[in-house]
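Step one of this worksheet: look at the structure below.
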Amino acid sequence: MSDLAVRVRGLGKEYRIGDTQKAYRTLRDTLVDSVQAPARRAWQLARGHAYGATNLNKSIWALKDVSFDVRHGEVLGIIGSNGAGKSTLLKILSRITEPTEGAIDLYGRIGALLEVGTGFHPELTGRENVFLNGAILGMSRLEVARKFDEIVDFSGIETFIDTPVKHYSSGMRLRLGFSVAAHLEPEILVIDEVLAVGDVSFQRKCLGKMENVASSGRTVLFVSHNMTAVSALCTRAIMLKEGRIVEEGSADDVIQKYIMDTLETTGISLSERTDREGDGKLRFTTLQFQDANSKSDVVIPGNDVDVIVSYKSPLDTLHNVEMSVKFMDNYNNVIITGSTSFYDGFDTLPAEGNLICRFYDFPLAPGHYKIYLYARVNGILADQIENAGSCDVSEGDFFGTGKSPRSGGKQGAVMVRHHWYTTDNLSEAMTIVDNDYPIGH
3 MSDLAVRVRG
13 LGKEYRIGDT
23 QKAYRTLRDT
33 LVDSVQAPAR
43 RAWQLARGHA
53 YGATNLNKSI
63 WALKDVSFDV
73 RHGEVLGIIG
83 SNGAGKSTLL
93 KILSRITEPT
103 EGAIDLYGRI
113 GALLEVGTGF
123 HPELTGRENV
133 FLNGAILGMS
143 RLEVARKFDE
153 IVDFSGIETF
163 IDTPVKHYSS
173 GMRLRLGFSV
183 AAHLEPEILV
193 IDEVLAVGDV
203 SFQRKCLGKM
213 ENVASSGRTV
223 LFVSHNMTAV
233 SALCTRAIML
243 KEGRIVEEGS
253 ADDVIQKYIM
263 DTLETTGISL
273 SERTDREGDG
283 KLRFTTLQFQ
293 DANSKSDVVI
303 PGNDVDVIVS
313 YKSPLDTLHN
323 VEMSVKFMDN
333 YNNVIITGST
343 SFYDGFDTLP
353 AEGNLICRFY
363 DFPLAPGHYK
373 IYLYARVNGI
383 LADQIENAGS
393 CDVSEGDFFG
403 TGKSPRSGGK
413 QGAVMVRHHW
423 YTTDNLSEAM
433 TIVDNDYPIG
443 H
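In our numbering, the protein residues as written are 3 to 443.
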């Protein structure tokens with residue numbers, strides 16, 4: 003037991019559906035309720051309902067029978083789809099939420115960054131909140147003071163450190179919150195999806211700091227939808243599904259199980275679509291798109307993006323198959339196309355299978371796009387769905403400068419890497435450009 007940092011046994015958390023928090027009641031509210039209550043009870047009994055028992059049998063288990071150990075110095079990734087119970091688990095570990103059943107043993111001081119601004123008092127300044135968080139972690143004022151300059155410098159909000167936190171933007175709260183959690187050196191650090199918020203440059207900064215924390219021998223529990231980050235940071239992972247642990251093992255093995263589970267359960271079903279054309283010798287059945295690196299369905303410009311389609315055919319073997327996927331704007335203009343006609347296509351395909359079209363350095367600007375699918379077999383249209391699905395492209399660091407075109411901007415729908423030069427001599431300028439970026443580079 004001496005090498006354990008976290009021990010969880012039989013953990014469960016039940017929530018009552020429909021239960022509401024009791025709000026503050028005035029004397030007038032109480033008097034009105036006392037008059038109305040007899041009539042309300044009589045009405046409910048007449049309808050066959052016991053008064054006050056409406057929601058007693060309606061509940062949901064956000065977590066059920068969760069057990070695992072984390073050793074000192076281990077970095078544990080916690081992955082799963084939305085609603086799987088990841089955030090609930092971290093809130094219980096951080097003692098923010100009380101479990102319904104089970105037990106937790108923590109062997110060390112714990113620090114957490116769960117949501118933007120969690121643990122901050124809005125009326126206090128950034129400076130005061132840094133010291134408050136340190137006190138919550140059990141640190142002396144002197145210990146926090148030694149780290150203070152480093153915390154503020156990392157957060158990048160020096161100008162506003164003596165401003166009340168209630169005036170901070172969500173990005174500023176995130177910067178300070180992460181900086182406090184990472185620099186005050188708790189023995190157990192709990193982080194929930196911090197890389198999903200903030201600009202690209204700060205996300206990189208956070209990832210670098212977390213790598214330092216992980217290599218320093220501290221225990222980290224890390225929740226993220228970014229599978230690349232989980233793979234890079236974590237030695238081990240668990241996968242939650244419907245509140246239970248369904249996979250546990252090395253980070254890469256669990257990530258692969260999660261990816262396969264995601265592809266099976268979250269693809270856009272096309273089997274029942276009737277708004278399609280073609281002779282039916284091939285039919286698209288599902289559509290999925292994802293970042294090729296993180297395996298997330300969050301599409302970021304500049305990353306490689308996979309479009310994955312499943313298909314079925316009544317034929318035993320398909321010959322001379324041409325496939326095409328197009329991204330279209332809201333005005334049905336084709337923006338980019340991935341087609342086998344640009345290459346050699348497929349001479350033969352089995353009656354059922356999956357196909358992947360990978361777009362390298364995905365060039366679409368942030369925005370909303372429709373996906374068009376098209377297939378021909380032996381030169382004859384087999385299947386065509388004009389609006390097979392949709393794709394939201396997020397902001398990202400396409401140019402590697404930390405700056406991103408905004409959604410709905412006037413920069414155009416497609417981004418192309420480029421560079422500007424200045425010179426008084428045109429031929430000299432062309433020589434510089436050719437040296438920096440040779441033709442065909």
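Yeah, the Cβ is synthetic: ideal placement off N, Cα and C, and Gly gets one too. None of these values were measured; they are calculated from a predicted model.
Residue from the options with nearest C-alpha to residue i
| i | options | result |
| --- | --- | --- |
| Ala231 | His185, Met212, Lys88 | Met212 |
| Ala294 | Arg111, Pro303, Ser142, Ser171 | Pro303 |
| Asp281 | His227, Asn305, Val379 | Val379 |
| Tyr374 | Tyr362, Lys259, Cys393, Gly381 | Cys393 |
| Leu108 | Val146, Val192, Glu145, Asp164 | Val192 |
| Ile358 | Ile310, Phe156, Arg220 | Ile310 |
| Gly104 | Met241, Trp63, Arg11, Val167 | Arg11 |
| Val225 | Ile62, Lys93, Thr403 | Lys93 |
| Val301 | Glu397, Tyr313, Gly179, Ala216 | Glu397 |
| Gln413 | Tyr376, Pro368, Lys60 | Pro368 |
| Gly219 | Gly128, Arg246, Gly391, Gly110 | Gly110 |
| Ser157 | Ala147, Val182, Leu134, Arg148 | Val182 |
| Leu223 | Cys208, Tyr362, Ile240, Gly210 | Ile240 |
| Arg143 | Ile153, Glu152, Val132 | Val132 |
| Arg129 | Glu145, Asp164, Gly113 | Asp164 |
Which residues DSSP lists as bridging residue i, in chain order
| i | result |
| --- | --- |
| His321 | Thr350 |
| Leu383 | Arg378 |
| Pro368 | Looking at the DSSP assignment, Pro368 forms no beta bridge with any residue, so it has no partner. |
| Gln290 | Ile310 |
| Asn356 | Ser312 |
| Phe271 | Here residue 271 is Ser; the residue named in the question, Phe, does not match the sequence. In DSSP, Ser271 forms a bridge with Thr288. |
| Glu279 | Gln386 |
| Ser392 | Lys372 |
| Lys328 | Thr339, Tyr374 |
| Gly15 | Note that residue 15 corresponds to Lys in the displayed sequence, not to Gly. DSSP lists Leu65 as partners of Lys15. |
| Asp71 | Arg9 |
| Pro166 | Thr127 |
Whole-angstrom distance between residue j and residue i, CA atom to CA atom
| i | j | result |
| --- | --- | --- |
| Arg1 | Asp318 | Absent from the model: residue 1. The displayed extent of the chain is 3 to 443, so no value can be given. |
| Thr56 | Ser89 | Residue confidence for Thr56 is low, a pLDDT of 47 falling below 50, so the modelled location carries little weight and cannot support an answer. |
| Tyr26 | Leu91 | Below a pLDDT of 50, predicted positions are generally treated as unreliable, and Tyr26, at 47, falls in that range; the measurement from the model is reported next regardless. If you take the alpha carbons of Tyr26 and Leu91, they lie about 30 angstroms apart. |
| Ser298 | Val256 | 15 angstroms |
| Pro205 | Asp5 | According to the sequence as given, residue 205 is Gln; it is not Pro. Those two C-alpha atoms are separated by around 32 angstroms. |
| Thr342 | Ala384 | 15 angstroms |
| Leu284 | Glu354 | 9 angstroms |
| Arg97 | Gly82 | 21 angstroms |
| Met262 | Gln290 | 12 angstroms |
| Asn228 | Asp426 | 47 angstroms |
| Ala253 | Thr424 | 48 angstroms |
| Gly340 | Arg275 | 22 angstroms |
| Leu428 | Met325 | 45 angstroms |
| Lys259 | Asp349 | 31 angstroms |
| Lys15 | Thr102 | 5 angstroms |
| Glu189 | Ile270 | 43 angstroms |
| Asn322 | Pro352 | 12 angstroms |
| His74 | Asp308 | 37 angstroms |
| Ile138 | Val336 | 55 angstroms |
| Val395 | Glu125 | 37 angstroms |
| His421 | Asp346 | 34 angstroms |
| His169 | Arg419 | 37 angstroms |
| Leu29 | Ser69 | Confidence at Leu29 is low in this model, with a pLDDT of 49, below 50, so the placement of that residue should be treated as unreliable; the coordinate-derived value is given next. Those two C-alpha atoms are separated by around 47 angstroms. |
| Gly136 | Ile62 | 35 angstroms |
| Lys243 | Gly87 | 7 angstroms |
| Ser296 | Phe286 | 25 angstroms |
| His370 | Ala390 | 14 angstroms |
| Tyr17 | Ser233 | 32 angstroms |
| Ser273 | Tyr313 | 9 angstroms |
| Asp71 | Leu209 | 24 angstroms |
| Glu249 | Asp67 | 14 angstroms |
| Tyr376 | Val327 | 6 angstroms |
Presumed contact (8 angstroms Cβ cut-off) between residue i and residue j, rounded CB distance
| i | j | result |
| --- | --- | --- |
| Arg238 | Leu65 | At roughly 19 angstroms, the Cβ-Cβ gap does not stay under 8 angstroms, so Arg238 and Leu65 are not in contact. |
| Met330 | Pro365 | Between Pro365 and Met330 the Cβ distance is about 15 angstroms, and since that is not below 8 angstroms, they are no contact. |
| Ile387 | Arg278 | 5 angstroms |
| Asp306 | Phe361 | 7 angstroms |
| Gly179 | Leu115 | 5 angstroms |
Alpha helix (DSSP H) runs contained entirely in the stretch 198 to 260, provided each spans 4 or more residues: DSSP runs (the alpha helix (DSSP H)) wholly in the stretch 198 to 260: 202 to 217, 229 to 235.
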